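Under our numbering, the first residue of the sequence shown carries the number 33, and numbering increases by one thereafter.
Structure record follows, encoded as structure tokens.
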Amino acid sequence: MEKFETFTGVAMPLKKTNVDTDQTIPARFMKRVTKTGYEDALFHSWRQDPDFVLNDARYERASTLIAGADFGTGSSREHAVWALRDYGFRAVFSPRFADIFRGNSGKQGLLAGELPQPAIEQVWRTLDADPDTEITVDLESRTLQAGPETLDFEIDDYTRWRLLEGLDDISLTLQHEDVIAAFEQRRPAWLPRTLPAR
């Protein structure tokens, strides 16, 4: 997982609440056996509507999604995070996320930042007035800058640290590789062993 760094880009307004993971990526796309290539499945049903925001050419380079409350509810599918990430989103902001979605996001390198509803609506108004407005996301300072406004967002300290350091679950385990190797050396030969990577 790459370290999360401050970035500036286009933001997409998703003016919907209670966006569950089946709306984010319908279950039929979860038969694939890879962790990448899900950009075509993102909001697939909604994309059949020509007026849906993902079909708006003004937002085709969007790297930040500004959504309504209760984003990522429903089943606990990592595929929802993969689809958002594969489409090009590096951050999603909402007043409230489902716990499992927020956890999956942090483990996959997608920032899920919480902004109060009035701040979300303020960003929507900014984007309505000028869709080319660039958004700067600064995880170090926990701020989102939209035009002249700088807004503070919330993210827990542990997830923020993991994103800044680029640590997924495997990377966290490998930080203790020496301890694991020492344990395996002391382990009786008749017990199962973890073989070193080749």
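Quick reminder that beta carbons are idealized off the backbone N, C-alpha and C, glycines included.
In this text, all values refer to a predicted model and were calculated from it rather than measured experimentally.
Cβ neighbour criterion (16 or more within 10 Å) applied to residue i
i           : result
residue 202 : exposed
residue 108 : exposed
residue 152 : buried
residue 169 : buried
residue 134 : buried
residue 70  : buried
residue 127 : buried
residue 82  : exposed
Boundaries of the beta strand (DSSP E) in which residue i is found, first to last residue
i           : result
residue 188 : From DSSP, residue 188 is part of no beta strand (DSSP E); its letter is neither H nor E.
residue 121 : Careful: residue 121 lies outside any beta strand (DSSP E) and carries neither H nor E.
residue 83  : No beta strand (DSSP E) contains residue 83, which DSSP labels as neither H nor E.
residue 24  : Only positions 33 to 230 of the chain appear in the structure, and residue 24 is not among them; the question remains open.
Three-way DSSP call (helix, strand, coil) for residue i in this model
i           : result
residue 110 : coil
residue 177 : strand
residue 152 : helix
residue 44  : strand
residue 36  : coil
residue 52  : strand
residue 147 : coil
residue 105 : strand
residue 98  : strand
residue 221 : coil
residue 88  : coil
Limits of the alpha helix (DSSP H) - the one that residue i falls within
i           : result
residue 135 : 131-140
residue 32  : No answer is possible for residue 32: the residues shown for the chain start at 33 and end at 230.
residue 199 : Where residue 199 is concerned, there is no enclosing alpha helix (DSSP H), given that its DSSP letter is neither H nor E.
Distance between residue j and residue i (C-alpha atoms, nearest Å)
i           : j           : result
residue 87  : residue 79  : 7 Å
residue 13  : residue 218 : Any property of residue 13 remains undetermined from this structure, which presents the chain solely from 33 to 230.
residue 148 : residue 154 : 10 Å
residue 121 : residue 75  : 13 Å
residue 94  : residue 132 : 24 Å
residue 59  : residue 221 : 45 Å
residue 102 : residue 125 : 11 Å
residue 36  : residue 143 : 8 Å
residue 177 : residue 192 : 18 Å
residue 54  : residue 223 : 44 Å
residue 214 : residue 195 : 29 Å
residue 61  : residue 162 : 34 Å
residue 105 : residue 48  : 13 Å
Beta-bridge partners of residue i, as assigned by DSSP
i           : result
residue 170 : 175
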